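Each residue of the sequence shown is one higher than the one before, starting from -2 at the first, in this note's numbering. Each residue gets a CB set at the ideal place from its N, CA and C atoms; glycine is no exception. None of these values were measured; they are calculated from a predicted model. Before any comments, here is the structure.
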Amino acid sequence: MEITWYGHSCFRFVERGMATVVTDPFDSKVAGYNPLKLKADIATVSCNDLAYNNVSVIRPEPFIINGPGEYERGGVFITGIQTSPLTTNKKDLRNTLYVYDYGTMTIMHLGQANNVPTQNLVEELGQINIALVPVGEGGALNASKAAELISMLEPNIVIPMHYETPHSKLPLEPLSKFLKEMGITQLETMESYKATASSFTEETRVIALDPKLMAL
C-alpha cells in the first residue's frame, strides 16, 4: 500500500490488485497547491465544498462516494459515517469520515471533522491502522482535539493533514502546534508512506508527508 499526499486533505491510496482511491480532491483556486490531475477508480468526498469536492480533476470518471453508507469497489470496503454538521461561512456542511478496509489493514480519513467522535463510535470503528487526521483547525479539529482523538483511537500510524503549508491558501494553523501538543520533538517525514501490516507497531507513530505537487 502506498499513500501519497497532494496537500490539504487529498490523498491517493494505491494497493496492487485493488481499486485506487483518491480522497477529497480540491480546487487549487480555493485550497492552494498546484491544480490536480489524478487517476483513480474511486473518489471519496467528505463535504460539499470545493476544497474537498472537485472530482472533475480525476480521470477516468471515478466511482464517487459522497456520504454515509457502506460501499465495495475493486476489493476495497468503504464505510462512510456522518459526523456532526460543521458551520463554515454560515453554511451548514455535512462531513463524512471514511474507513477503508483493505483486508490486511484499515485507513480512516476524518475529512473536515471538527469534533472528537464519541467513545461509542470509536469502539464501533474497531482497530484503525492508519489515521489521516486534520490538525490545523480552520473549521476542522485543532491541535488539542486531534491529540485527544488519537489517544482514543490508538492507531498504529497517524498522518496529519489540513494544516498550514507554504502552498496552502486557507487560514490554517501550522503543524508545529500539533507536534507540541503530542510532545513530538523529532518528526518522521516521507515523500510517500509505503504501508505493510507487518511494519505496524503497538506504539503510535506520527509521520508527516511532503505534499506531492502536480506540474503546472
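For residue i, the nearest candidate out of the options (CA to CA)
| i | options | result |
| --- | --- | --- |
| Q183 | I204, V19 and I127 | I204 |
| G72 | G133, V18, Y49 and P22 | V18 |
| T193 | F23, E199 and M102 | M102 |
| N153 | F23, S195, S165 and T115 | S195 |
| N117 | A137, L150, A16 and P163 | L150 |
| N139 | E12, I61 and P168 | P168 |
| R70 | A144, A40, G29 and V119 | A40 |
| K108 | G180, S165 and G77 | A small fix is needed here, since residue 108 is Gly in this sequence, not Lys. G108 has its Cα closest to that of G77, out of G180, S165 and G77. |
| A28 | Y49, D38, M15 and R9 | Y49 |
Exposed unless 16 or more other CB atoms sit within 10 angstroms - verdict on residue i
| i | result |
| --- | --- |
| I147 | buried |
| T80 | buried |
| K87 | The predicted position of K87 is uncertain, since its pLDDT is 45 and thus under 50; a value taken from the coordinates is nonetheless stated next. So K87 counts as exposed. |
| S53 | exposed |
| D207 | exposed |
| R13 | exposed |
Reduced DSSP secondary structure (H/G/I, E/B, other) of residue i
| i | result |
| --- | --- |
| K87 | Model confidence at K87 stands at a pLDDT of 45, short of 50, so the residue's coordinates are unreliable; what they give is reported in the following sentence. Correct three-state label for K87: coil. |
| S165 | strand |
| L47 | coil |
Residues of its chain near residue i, where Cβ-Cβ distance is below 6 angstroms and the 5 sequence neighbours each way are ignored
| i | result |
| --- | --- |
| K209 | T1 and Y3 |
| S6 | D21, M158 and H159 |
| N63 | V42 |
| N112 | S81 |
heavy atom of the ligand SAM below 7 angstroms from residue i C-beta
| i | result |
| --- | --- |
| T198 | The ligand SAM is not part of this structure, which contains no ligands at all. |
Neighbourhood of residue i by C-beta distance below 8 angstroms, restricted to the same chain and skipping five residues each side
| i | result |
| --- | --- |
| S189 | E(-1), I0, T1, W2, L206 and K209 |
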